[in-house]
Structures are given as structure tokens and as C-alpha cells.
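If you want our numbering, it's the position in the sequence shown, counting the first as 1, plus 33. The structure under discussion appears below in the form of C-alpha cells.
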Amino acid sequence: MLFRSGKLEANTVYIRRGDTTDTADPDEIAQMGAKSEESRSQPVLEFSFGDLAKRKKLDGAIRVQTRCFEIPDDGEIPGYGTNNAFGISLRNENENLYADVALYLRDVAHLEPFAVVVTNGSRTTAQQVVVRIRFAEPELEVLSPRERRPEPAKDRFGKLMRTDALIPGVSVIHGEDASEVEMELGDIQPGTSAWSRHPFYLGCRTSKQFEAEISISGHNIAEPIRLKQQFDFEVESQRASVEEVIALGDRLGG
Numbered sequence: 034m035l036f037r038s039g040k041l042e043a044n045t046v047y048i049r050r051g052d053t054t055d056t057a058d059p060d061e062i063a064q065m066g067a068k069s070e071e072s073r074s075q076p077v078l079e080f081s082f083g084d085l086a087k088r089k090k091l092d093g094a095i096r097v098q099t100r101c102f103e104i105p106d107d108g109e110i111p112g113y114g115t116n117n118a119f120g121i122s123l124r125n126e127n128e129n130l131y132a133d134v135a136l137y138l139r140d141v142a143h144l145e146p147f148a149v150v151v152t153n154g155s156r157t158t159a160q161q162v163v164v165r166i167r168f169a170e171p172e173l174e175v176l177s178p179r180e181r182r183p184e185p186a187k188d189r190f191g192k193l194m195r196t197d198a199l200i201p202g203v204s205v206i207h208g209e210d211a212s213e214v215e216m217e218l219g220d221i222q223p224g225t226s227a228w229s230r231h232p233f234y235l236g237c238r239t240s241k242q243f244e245a246e247i248s249i250s251g252h253n254i255a256e257p258i259r260l261k262q263q264f265d266f267e268v269e270s271q272r273a274s275v276e277e278v279i280a281l282g283d284r285l286g287g
């Protein structure tokens, strides 16, 4: 390897040209300064999945224990409410309450909510941060809040009102080979953490290990930050009896 011989001069910028060292011209010095300024303006971000209810970050491999319910046939589940001689509900009850409870057990009980949290450890505001999470596991259920079945309600009005269709900031795109979650976090100020306002949901019908591919982008993030996260779901299958479905429905508040 060849080096420029002689004593280094003060106030001179040196660069490598192949195997040799040479002095930088003014244009090259300007480019170095621009790259240095760009590097200083890049926010430094740290990502975690989190438990939104407990406001707790989930570190390391994520392990989940959950139950997947089998439910009685439709013909086995009775109606709910007090009807008069004309078959009309006297108290505006949801006659399908017990059937709704059974479907909720089947479609929701095994789902696990996950939030995301991004911490800005730099002195630069991270602008309009978006987190995208890709799951390439065909047997994995990936749902946004609007896709998750709403909780059962004892009265008709409550059933109509229980919808998550207008929840902003989180969406799921379903493809043939993978599903992608997109979560908008907005600006993240220096030294602060931004949590997703709402969770997304993951569920398996059988025990499974899988990997998430994470991409973090923003207006002043030159290249997306890419990470991976391991998940381990341990699923127990359980059959719900008609009596258990009715008991759950009767315990609902309204």
C-alpha cells in the first residue's frame, strides 16, 4: 500500500484515493461537510414492542401463552332476552347475545394485542415516523382494531355502537404471502418515547414460532431502519360448553 511521503501540513484535509493519500480539493471538502451535517441531523431511534395496557416494553424474544376455543354448534345455543307473545323483545335485548359470545370466544380470545414504542435518543426531532411490521407466516392471524370482532353487548343499541371502524393510526395490509402492519407515530421529540395509540393483534390456532421484519422510516431518516423480532406462541385448545357460553353472557355488564 502506498502513502504520500513527507510531513503532514497544518490546516490541510487529506483523503484516500485508491491506495494513496492525497490532499482534498474544495469541492471534496464541501461534500465531507455536507455528509457530516447530514449524519448529525439523523435521529437515533430505539424500537420495542410493548404492552399498551401496562405501558411496558417487551424486551428479548416474545413468548405468548394463549387459548384457542372451539364453540358449540349454532343450534345448541339458545336465544337471549324476554319476548312477548308476538316474539318481540320487551327490553330491547340482543337476542343473539349468547351466539355473539360464542363467536367472540372463537375469534378473539386467542388474539394478543401488541403496541410499538420508539424512543428518540438523539438531539434531533424524528419527523413523521412510520413503523411497518411484516409477518410472512400464512397461519398467523394479523388484525387491526377495526378487523377484530367487537365485544358482545346485551342490548341492541350497545351492539350497534361497539365498532372500531374509525380507529386511526394503525392499519393492516393482507397479501398472498404476508401481512404488513403500518403504525403512524408522528413526530418524536429528542429524549422522548412515542407509543402507538392503539394495538394491533396477533393470533395462532396452533403453537408456532415466527419472525417479524420491522422497518422504521420518517421524513428526516435517510434510509429505513430495519430490525427483526422473534415470537413464540404456545397455544392450548379448549372446547367451550353451552353452559360456559351462557354464564359468560350473563356476566356482561350491558
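Where is the CB? At the ideal position from N, CA and C, for every residue including glycine.
Distance from F147 to F82 at the Cβ level is roughly 5 Å; contact confirmed, criterion being Cβ atoms closer than 8 Å.
Counting along the chain, the unbroken beta strand (DSSP E) around D220 starts and ends at S212 to I221.
In the assembly as shown, G112 is an exposed residue. Its beta-carbon has fewer than 16 other beta-carbons within 10 Å.
Counting only the Cα atoms, G251 lies some 15 Å from G202.
Here I247 really is in contact with R259; their C-beta atoms are around 7 Å apart, less than 8 Å.
Taken through DSSP and simplified to helix, strand or coil, G282 comes out as helix. For the set A280, T152, R165 and G282, the Cα lying nearest the Cα of F233 is the one of R165.
Going by beta carbons, E174 and G236 fall inside the 8 Å limit.
DSSP places Y131 inside the alpha helix (DSSP H), whose first and last residues are L130 to D140. Judged by DSSP secondary structure, S250 falls within the beta strand (DSSP E) whose first and last residues are K241 to S250. Relative to the Cα of R96, the nearest Cα in the group V149, E145, N127 and R88 belongs to E145. If you look at T99, you'll find it in the beta strand (DSSP E) that goes I95 to E103.
With the rule of 3 Cβ pairs closer than 8 Å, the segment 122-142 does not count as touching the segment 207-219. Cβ neighbours of Q242 within its own chain (closer than 8 Å, five residues either side excluded): Q263, F264, D265 and F266. Collapsing the DSSP output to three states places V77 in coil. The distance from the Cβ of V268 to that of V134 is about 21 Å, inconsistent with a contact at the 8 Å cut-off. Across the set I254, S270 and R230, the C-alpha of S270 shows the shortest separation from the C-alpha of S240.
A148 is bridged by DSSP to G83. By a beta-carbon distance limit of 8 Å, V205 does not contact E172. Their separation comes to about 16 Å. By the beta-carbon neighbour count (other beta carbons within 10 angstroms, threshold 16), V162 is buried. For S177, the CB contacts under 7 Å within the same chain, skipping 5 residues up- and downstream, are V203, S204, V205 and F233 in chain order.
Look at R167 here: in three-state DSSP terms it is strand. Take K261, set aside five residues on each side of it, and the residues of its chain with a beta-carbon closer than 8 Å to its own are E244, A245, E246 and I247, in chain order. In this structure P223 is in contact with T158, their Cβ atoms being roughly 6 Å apart against a cut-off of 8 Å. Following the DSSP letters along the chain, one finds G236 inside the beta strand (DSSP E) bounded by residues F233 to G236.
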